[in-house]
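Enquirer:
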Amino acid sequence: NISGTGGTSTAYDAEQFFPSTLNGGKVTPGQANIIALADTDDPDGDGASHLLEEALGMNDFVQDQQNLPQTKYLALSGIYGGRLQPVFAVRRPVGGFPGIEYTPEASLDLQDWGDLAVRATPVITPLDANYETATYYLSSSSLAAVDSEKRVYYRLKVRRLP
């Protein structure tokens, strides 16, 4: 409570929530206000920008690299001789973070990147009430170009929509 000058007082909530563009999305009376983060900021120094951490539901103030996208291999039975196919798994908030566009890209040489190499619609697997895994597969034409001598590299581009 803060006493007013005319014998009145005003009561404030212990926590007041603000848009997610503020660190942690809240400001607490009696404590230093939390500054807004720019999309390129990385306050925890884990190599993931604020925009990427927001898109993936990560914590800007905890080094939580285990939640970054990962490449893994899944077996494809009956396609390409039952060989393993590289896939790109992205842990994110259910439905993706509002106002953020996710674009997976693939490359065979780390020079030429394209979203056409990845099937646009991911396979969604629920993790819990708040998170899901979006798994992106190479398109069939790109998969045919991958053999035992080549690797496939993935990256995830995230962009805040205007």
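Under my numbering, the residues of the sequence shown are numbered 42 to 203, in order.
Just so you know, even glycine gets a beta-carbon here, dropped at the ideal spot from N, CA and C.
Since residue 159 contacts residue 175 with CB under 8 Å, what's their CB separation in whole angstroms?
Expert: About 11 Å; that fails the 8 Å criterion.
Enquirer: Of all the options 153, 167, 103, which has the alpha carbon lying nearest to the alpha carbon of residue 193?
Expert: Closest by alpha carbon: 153.
Enquirer: Between which residues of its own chain and residue 139 is the CB-CB distance below 6 Å, once the five residues before and five after are set aside?
Expert: Excluding positions up to five away in sequence, the list is empty.
Enquirer: Span of the beta strand (DSSP E) holding residue 93?
Expert: Run containing residue 93: none in the beta strand (DSSP E); it sits in the alpha helix (DSSP H), 91-96.
Enquirer: Note down, in chain order, each residue of its chain lying with its Cβ closer than 7 Å to the Cβ of residue 201, except the 5 sequence neighbours on either side.
Expert: Only 80, 92, 140, 141 meet the Cβ criterion.
Enquirer: With a threshold of 8 Å on Cβ separation, who are the neighbours of residue 171 within its own chain once the five nearest residues in sequence on each side are excluded?
Expert: Taken in chain order, the residues that qualify are 98, 134, 135.
Enquirer: Shortest alpha-carbon distance to residue 180 belongs to which of 88, 101, 155, 106?
Expert: That would be 155, whose Cα lies nearest to the Cα of residue 180.
Enquirer: When the Cα of residue 195 is compared with those of 103, 101, 111, which residue comes out closest?
Expert: With distances taken between Cα atoms, residue 195 lies closest to 111.
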